[in-house]
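Note sheet for the following structure.
Numbering (my numbering), first residue to last: 12 to 318.
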């Protein structure tokens, strides 16, 4: 390179001409950015100590074992995920999360609810409480539009996982009495002047940290609907049933699922169906088995016996 000085800032830079000699190794994971950009052209906010992927405040540096996963997501990300799902998630990034509020709250405008649910409402009124033996999360939304999706996070991206809903008024309440391993629970939700479409079909390969198969989809619309999901947890095994119905409605949907939820360490088996004309009914059943806890418990028992 003669007397030209090189700066090894993970990707070689010739400062005199502001020229990068090689592209970001994971440029395909950010298809909307230039492959020659460093730290998204914002070195004040972002760093890239490994030369693999930009990191923001609080982010962990990407590890070597993550590189192939990031490459795979970038290469196999669908047009729909890249141009629809990701822009929606970016738009709602940083908005208030209803599930993390404490006590009574109220707001209007954009919100998130959990990790994969995003919405806009004219008004949201809610109350959250979390105690040692009881917790509740309840809210009412007026003029509400909501989208829920786990697409774009899988290794293979072979699962359609999308739900869209609009309602003049929507209410939901999630309640648990007991601890994590021994409890009873009851979740209720209702909608007034609503329309909803859902497509959950394919092979989970990491979407929402799930691995397995899910088959289903359908649509609903009507004047009034409601459903209750209730059950109990015994030694960590969760059993639940869903019942519900609608008035002045039209709906047809079904779902069957068998997958491992890595976030909770549970094996989930679930079935659900909803059919109706002027009046409709909904039924469902599920069981969640804490596989990870049982494996750990077995290892601990074996270890005790060996000692």
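Where is the CB? At the ideal position from N, CA and C, for every residue including glycine.
Cutting at 7 Å between CB atoms, please list the residues of its own chain near residue 201, excluding the five before and the five after it.
182, 236, 237
Does the Cβ of residue 299 have 16 or more other Cβ atoms within 10 Å, making it buried, or fewer, making it exposed?
buried
Please report how far the alpha carbon of residue 241 lies from the alpha carbon of residue 251, in whole angstroms.
5 Å
Going by DSSP, which residues form a beta bridge with residue 206?
177, 232
Relative to the ligand MG, is the shortest distance from any of its heavy atoms to the C-beta of residue 280 smaller than 7 Å?
Among the components of this structure there are no ligands whatsoever, and the ligand MG is therefore not found.
To which residues of the same chain is residue 161 closer than 7 Å at the C-beta, ignoring the five residues directly before and after it?
127, 172, 218, 219
Is the stretch 227-234 close to the stretch 257-265, with three or more CB pairs under 8 Å?
yes
Counting C-beta neighbours from all protein chains within 10 Å, is the total for residue 301 16 or more, i.e. buried, or is it exposed?
buried
Can you find the residues in the same chain that come closer than 6 Å, C-beta to C-beta, to residue 285, ignoring five residues on each side of it along the sequence?
262, 264, 293
Per-residue burial, residue 115 [other beta carbons within 10 Å of its own, 16 or more giving buried]
exposed
In angstroms, rounded to a whole number, what distance separates the CA positions of residue 209 and residue 175?
6 Å
From 303, 55, 54, 168, residue whose alpha carbon lies closest to that of residue 211:
168
Where residue 154 falls: helix, strand or coil (DSSP):
strand
Which of helix, strand or coil does DSSP assign to residue 194?
strand
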